[in-house]
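In this note's numbering, the protein residues as written are 15 to 71.
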């Protein structure tokens, strides 16, 4: 029973973290060149995580 609970907890963490790794806007792919721009880095980290590769692995 404890093993089942542990497995469920691990799966929930994996699913939750995978859902967080997404772009907030569909147009991020067109703004990819701004991912490393020092003027836009903070904005891109917040709104275009997946496109810019800022997701935790």
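For every residue, glycine included, the Cβ atom is placed at its ideal position computed from N, Cα and C.
Between the C-alpha atoms of residue i and residue j, what's the straight-line distance to the nearest angstrom?
i          : j          : result
residue 75 : residue 15 : Outside the displayed span of the chain (15 to 71) sits residue 75, for which this structure offers no information.
residue 34 : residue 70 : 10 Å
residue 56 : residue 40 : 18 Å
residue 45 : residue 52 : 14 Å
Residue i: buried (16+ other C-beta within 10 angstroms of its C-beta) or exposed?
i          : result
residue 62 : buried
residue 66 : buried
residue 42 : buried
Helix, strand or coil: which one does DSSP assign to residue i?
i          : result
residue 49 : coil
residue 42 : helix
residue 57 : helix
residue 70 : coil
Would you say residue i and residue j are within 8 Å of each other, going by their C-beta atoms?
i          : j          : result
residue 37 : residue 64 : yes
Would you list the residues sitting across from residue i in a DSSP beta bridge?
i          : result
residue 62 : 37
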